[in-house]
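Numbering (our numbering), first residue to last: 1313 to 1525. All residues carry an ideal CB built from backbone N, CA and C; glycine is no exception.
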Amino acid sequence: MLKIDLHVHTTYSSDALITPKDLIFYAKKRGLDGVAVTDHDRIDGALKIAKETDFLIVPGIEISSLNGHIIGLNINELVPPKLSVDETLGRIHEAGGLAVACHPVTFFKESLKGHISARFDAIEVINSSAFPFNYSVKHSEEIASRLGIVRVAGSDAHYGPEIGYAYTLVNAESRVDEIVKSIRKGLCSPHGRAIPFTMRFKKELLLLKRKFG
Ligand SMILES: [Zn+2]
Ligand SMILES: [Zn+2]
1313 MLKIDLHVHT
1323 TYSSDALITP
1333 KDLIFYAKKR
1343 GLDGVAVTDH
1353 DRIDGALKIA
1363 KETDFLIVPG
1373 IEISSLNGHI
1383 IGLNINELVP
1393 PKLSVDETLG
1403 RIHEAGGLAV
1413 ACHPVTFFKE
1423 SLKGHISARF
1433 DAIEVINSSA
1443 FPFNYSVKHS
1453 EEIASRLGIV
1463 RVAGSDAHYG
1473 PEIGYAYTLV
1483 NAESRVDEIV
1493 KSIRKGLCSP
1503 HGRAIPFTMR
1513 FKKELLLLKR
1523 KFG
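This is the structure we're talking about:
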């Protein structure tokens, strides 16, 4: 079983503090076997980091579709933002990727809500940054059950210590293509909890300090 945080942002996302070095440091510290790098609307950072480390990196992207955020995993080419959900899903699948409905029900994030269909390969039922957390998990679980979609989890970390608060256990060999294949088949399970408020607060302070400091 591999323990993988499927939703992590790096400094290639303008709203994140995680340098490539932090990424590997905290992922190892939290006992993860791998992380998916899912920066907002860009893929260059994920590909560069994957090339420069031996640690398992699943290259991904968090796409700002017209109706909410969608994660593409195992993506090696840019999928443009501001497309419809259908078109975004088509592009992800054409690129050989896996489409994940991330934080489907939450406040303060661009959520898909009613735009989730069985065309998605997986649904992120646990997102450690979601608010309110329990409400979000409950409603995401309901959508997953109703549509019969595979369940995954990720921290949505934007700050090093947040990495690994949620993770997906995947029954696969430690290779990106095998991991994606296993998730597609549902050979995985979501785990995790909310990021503590003190940690979120610290992150916001650090972001402010970076902006104005
Ligand atoms: Zn998002
Ligand atoms: Zn995110």
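#1: Assuming ALA1478 contacts ILE1435 under a Cβ cut-off of 8 angstroms, what Cβ separation, rounded to an integer in Å, is found between them?
#2: What are the start and end residues of the beta strand (DSSP E) that includes PRO1502?
#3: Could you tell me which residues DSSP pairs with PRO1371 in its beta bridges?
#4: Would you kindly check if the distance between the Cβ of LYS1521 and the Cβ of GLU1474 is under 9 angstroms?
#5: Using the three-state DSSP reduction, which class does ASN1379 fall into: helix, strand or coil?
#6: Can the beta-carbon of HIS1319 be found closer than 9 angstroms to that of ASP1468?
#7: Is ASP1356 near ligand 1, in the sense that its beta carbon is under 8 angstroms from a heavy atom of that ligand?
#8: Pull up the distance between the alpha-carbon of GLY1346 and that of PHE1524, whole angstroms please.
#9: Rounded to a whole number of angstroms, what is the C-alpha to C-alpha distance between SER1423 and ALA1348?
#10: Just verifying my parser: in three-state terms, what is the DSSP assignment at ASN1483?
#11: Who are the near neighbours of VAL1397 in its chain, counting only those whose CB is closer than 6 angstroms to its CB and skipping five residues on each side?
#12: Are ILE1382 and GLU1374 close, meaning C-beta to C-beta below 9 angstroms?
#13: In chain order, what residues of the same chain lie with their CB nearer than 6 angstroms to the CB of ALA1456, ignoring the 5 residues before and after it?
If we stick to the structure as given:
#1: Going by Cβ atoms, the distance from ALA1478 to ILE1435 rounds to 13 angstroms, so no, they are not a contact pair.
#2: Per DSSP, PRO1502 is one residue of the beta strand (DSSP E) stretching across 1500 to 1504.
#3: PRO1371 pairs with VAL1349.
#4: Between GLU1474 and LYS1521, the C-beta gap is not smaller than 9 angstroms, which leaves the two residues out of contact.
#5: It is coil, neither helix nor strand.
#6: Contact: yes.
#7: Not one heavy atom of ligand 1 is found less than 8 angstroms from the C-beta of ASP1356.
#8: Between the alpha carbons of GLY1346 and PHE1524 lies a distance of about 33 angstroms.
#9: Between SER1423 and ALA1348, the C-alpha separation is close to 19 angstroms.
#10: When secondary structure is reduced to three states using DSSP, ASN1483 falls in the coil class, being assigned neither helix nor strand.
#11: Correct list, in chain order: SER1377, ASN1379, HIS1427.
#12: Taking a C-beta distance under 9 angstroms as the contact criterion, ILE1382 and GLU1374 qualify as a contact pair.
#13: Correct list, in chain order: ILE1435, VAL1437, ARG1463.
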